[in-house]
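Below: one structure, written as structure tokens.
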Amino acid sequence: MARANEEVEALLQEYADLVAITGGDAFKARAYEKAARAIGGHPADISHLDADGLRDIPNVGRSIAEKVIEYLRTGTVAVVEERRAKIPAGVRELITIPTLGPKKAMRLYEDLHISSVSELAAAIEADALADLKGFGEKTQENILHGIRLMQQAGGRIPIHLALDTAEEIVAELSQVTGCKRCTYAGSLRRMRETIGDIDILVAAKRSAPFMEALETLPSTAEVIAHGEKKTSIRTTKGVQVDLRVLPPDSWGAGLQYFTGSKAHNIRTRTIAVRPGLKLSEYGLFDTGSGESVASRSEEEVYARLGLPWIPPTLREDRGEIQAAVRGELPEVVTERDVRGDLHTHTDLTDGLASLEAMVEAAAERGYAYYAVTDHAPNLYMQRMTDEKILAQREELRALDGAHHGMRLLHGTELNISAEGDVDWPGAFLVGFDLCVASLHSHFDLDRRAMTRRLVRACENPHVNIIGHPTTRLIGKRPGVDADWDEVFAACARTGTALEINAQPDRLDLCDEDILRARQHGVKFAVNTDAHSVLHLAHLRYGVATAQRGWLTADDVINTWPLRRLRRFLAKDGSG
DNA sequence: GCCGTTTTCGGCCCGACTGTTTTCAGTCG
């Protein structure tokens with residue numbers, strides 16, 4: 013993804029927030045939000061576009077195009093700077109607290125001069141909000157709860173941001189003379205859903221050129237520590253990056269060591285002890301002679317311990333070592349196994365790209381099939397109608413097979429009501445090739461009602477996949493409360509797949525839920541829920557999550573040949 | 001601020017929930 017697109021997206025979103033906070037025209041704020049999203053999701057690099065080219069992007073008009081040009085030329089936009097001068101950055105941070113929007117943020121700032129999340133938390137603790145209009149007891153409670161949720165993320169960053177940063181740095185350091193190997197390790201290589209800091213490893217004889225290269229990158233804001241073996245920096249986005257340079261002969265041992273997890277490493281080191289070996293980041297050594305017996309590659313190190321190579325996504329000490337010893341490691345699903353995406357949107361509802369553009373992009377990924385699943389009518393803001401979705405079906409049928417023979421499936425994303433019903437009657441639903449059904453409201457039902465609701469959705473003969481099942485947003489919203497074992501059992505019983513939603517802020521189901529669901533014999537669908545062409549590439553995060561849940565290709569319905577998938581979708585027991 | 005037109009102005013993502021201001025503003029999906 014072009015960096016300029018992301019920068020401009022962030023800038024326009026910031027301006028939209030500032031307009032909303034300062035009480036500007038709500039439609040103006042929304043116009044900037046829409047433009048931000050459109051530019052962020054635009055497949056081409058905007059830094060090569062002129063004003064006319066920019067205006068060809070939907071929701072970008074003359075005024076915004078001018079501001080983008082101003083930004084690309086000078087690095088700033090005057091009107092944004094003006095608003096920034098009026099509103100401290102911390103005030104904008106306030107609206108990231110769930111249940112706290114621009115109006116309340118502005119009141120807190122104007123009346124109490126609160127301009128950071130920590131100040132707000134302190135003010136509530138000190139009962140300083142008592143006389144403030146609109147901040148009753150319950151509101152304060154909700155805000156504190158929201159702050160706690162944010163703090164639980166604990167400064168960890170979402171995986172996709174970490175991966176983008178890491179890949180850029182790896183690309184840079186790989187160019188440095190003397191670089192034998194370079195990659196990222198740590199929780200990022202294990203593809204955990206959030207990342208604390210980024211570990212980069214280099215294999216080279218001399219470390220200094222790499223340390224210097226890292227310190228002088230344009231994205232480096234601060235050098236935290238500088239040494240011969242390890243250097244730590246903080247990027248302009250506030251992410252800590254640790255670089256370690258290893259002797260080329262230690263590459264495998266170092267990679268294994270720095271990939272972790274800590275618990276996995278403790279187990280591997282313990283295994284080494286019995287045959288008289290010692291495992292460190294420099295190699296596997298014979299305790300008696302001190303001689304290295306393996307270190308060049310991870311495969312070699314694991315093999316010398318009597319283990320097969322273990323995929324990084326499994327290295328969490330969740331039984332992978334024991335499984336490896338027994339020769340029962342799962343052959344985890346890979347991105348290459350996935351034959352199609354079964355949950356995607358177009359600009360008929362809230363997607364950014366046309367049906368044709370999405371289909372073309374999907375075909376370029378080499379998919380054998382692809383489902384379009386726009387929102388159904390009960391998500392009122394999307395204004396779906398029978399006519400619109402049927403017209404889309406016609407359009408889709410006309411495109412079917414036109415791109416590298418990729419087959420198109422017409423679907424929809426239904427809304428599961430509080431009672432567990434979905435949008436259309438069965439007679440209409442039967443016309444779809446597949447139906448995803450998801451929760452979009454009523455997240456706070458009690459456990460029994462929520463469980464019943466989800467089970468009822470599974471029992472609907474037209475519902476094939478439960479989309480983003482827990483509806484959590486990482487660092488923002490916890491998943492809904494349900495008796496998941498009962499839901500998983502219902503999925504297995506009814507032939508309803510559970511989605512592994514690959515959006516990096518969802519990753520829903522999460523790895524641990526997948527492990528549990530798998531015990532019930534549930535099948536899964538790894539879907540991107542793409543709202544733009546670029547989102548199709550988020551599949552990697554969903555696949556990694558599936559791997560962390562120990563899934564094989566056989567567990568994942570969208571790795572299956574179309575014929576087998578269709579039998580599953582028929583939901584009549586033949587799948 | 002964007003868009004489409006009924007072309008320079010009026011509509012734009014609608015409806016529900018929540019808490020509180022007891023008649024509705026703020027937030028969310």
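Numbering (our numbering), first residue to last: 13 to 587.
Positions of the beta carbon are idealized from the N, C-alpha and C atoms, including for glycine.
This structure is a prediction, so every number in the text was calculated from the model and none was measured.
Using a Cβ-Cβ cutoff of less than 7 Å, which residues in the same chain neighbour residue i once the five nearest sequence positions on both sides are dropped?
i      : result
Glu240 : Ser219
Pro516 : Pro170, Ile171, His172, His550 and Tyr553
Lys46  : Asn71
Leu394 : What sits at residue 394 in the sequence shown is Gln, not Leu. Counting only Cβ-Cβ distances below 7 Å, and skipping sequence neighbours, we find Thr361, Asp362 and His387.
Ile109 : Val129, Ile155, Gly158, Ile159 and Met162
Glu407 : Leu367
Glu498 : Thr463 and Val467
Within the same chain, show all residues whose beta-carbon is closer than 8 Å to that of residue i, passing over the 5 residues directly before and after it, in chain order.
i      : result
Met13  : The predicted model places Met13 with a pLDDT of 48, which falls under 50 and marks its position as unreliable; any figure quoted below should be read in that light. Closer than 8 Å at the Cβ level, and outside the excluded window around Met13, lie Asp176 and Leu546.
Thr7   : Look at the range of the chain in this structure, 13 to 587, and you will see that residue 7 is not part of it.
Glu19  : Tyr83
Leu185 : Cys191, Cys194, Ile212, Val214, Phe222, Ala225, Leu226 and Leu255
Leu144 : Arg119, Leu120, Asp123 and Leu124
Among the residues of its own chain, which have a CB less than 6 Å from the CB of residue i, if the five just before and after it don't count?
i      : result
Arg104 : Asp29
Gly264 : Ser307, Arg308, Ser309, Glu310, Glu312 and Val313
Asp541 : His355, Asn513 and Gln515
Thr271 : Ala197, Arg201 and Pro324
Ile76  : Ala47
Pro389 : Met396 and Asp435
Arg518 : His480
Glu21  : Ala48, Ile51 and Gly52
Ala430 : His454
Look at residue i and residue j and say whether their C-beta atoms are less than 8 Å apart.
i      : j      : result
Val345 : Val555 : yes
Thr361 : Met396 : yes
Ala178 : Arg193 : no
Leu364 : Gly148 : no
Arg459 : Asp493 : yes
Arg465 : Gly432 : yes
Leu291 : Val305 : no
Asp520 : Thr482 : yes
Thr564 : Pro342 : yes
Leu420 : His474 : no
Val129 : Leu156 : no
Ala168 : Ile207 : What sits at residue 168 in the sequence shown is Arg, not Ala. Yes; because the gap between Cβ atoms is below 8 Å, this pair is in contact.
Phe580 : Ala558 : no
Thr34  : Lys98  : yes
Gly423 : Val448 : yes
Give the straight-line distance between the Cα atoms of residue i and residue j, rounded to the nearest whole angstrom.
i      : j      : result
His532 : Ala501 : 6 Å
Asn513 : Thr299 : 47 Å
Tyr294 : Glu310 : 12 Å
Lys242 : Arg15  : 28 Å
Ala135 : Asn277 : 44 Å
Asn17  : Ala174 : 17 Å
Pro259 : Gly266 : 9 Å
Asp349 : Glu137 : 52 Å
Phe222 : Gly302 : 30 Å
Ala142 : Lys116 : 14 Å
Glu224 : Gly158 : 41 Å
Ile51  : Glu93  : 20 Å
Asp567 : Ala509 : 10 Å
Gly561 : Arg530 : 8 Å
Leu574 : Asp353 : 12 Å
Asp398 : Ser450 : 19 Å
Glu332 : Leu296 : 20 Å
Val89  : Ala41  : 16 Å
Thr86  : Gly36  : 26 Å
Asp62  : Ile81  : 7 Å
Arg316 : Lys274 : 20 Å
Val251 : Ile210 : 8 Å
Ala335 : Thr111 : 45 Å
Trp572 : Val538 : 12 Å
Sorry if obvious, but does the Cβ on residue i come closer than 7 Å to a heavy atom of the ligand COA?
i     : result
Ala16 : In the structure on display, the ligand COA does not appear, and there are no ligands present to speak of.
Next item on the list: Can you check the region 57-125 for any alpha helix (DSSP H) of at least 4 residues that lies completely inside it and give the ranges in chain order?
Entry: 63-67, 74-86, 90-98, 101-106 and 114-124
Margin query: Please give me, in chain order, every unbroken run of the beta strand (DSSP E) with length at least 3 that falls completely inside the region 446-508.
Written below: 446-450
Check: Curious, which full-length alpha helix (DSSP H) runs of at least 4 residues does the region 260-303 contain?
Finding: Scanning the region 260-303 for uninterrupted alpha helix (DSSP H) segments of 4 residues or longer gives 263-271 and 274-285, listed from N- to C-terminal end.
Check: Is it true that the region 70-86 meets the region 120-140, where meeting means three or more beta-carbon pairs spaced less than 8 Å apart?
Finding: no
Margin query: For the pair the region 367-377 and the region 411-425, tell me if three or more CB-CB distances fall below 8 Å.
Written below: yes
Next item on the list: Let me know the beta strand (DSSP E) ranges lying completely inside the region 409-437, each 3 residues or longer, listed in chain order.
Entry: If we require 3 residues or more, the beta strand (DSSP E) runs fully inside the region 409-437 come out as 419-427.
Item checked: Length at least 3, wholly inside the region 213-261: the beta strand (DSSP E) runs in chain order -> 232-238, 242-247 and 252-258
Margin query: Which complete beta strand (DSSP E) runs does the region 303-351 hold, if anything under 3 residues is left out?
Written below: Counting only runs of 3 or more, we get 304-306.
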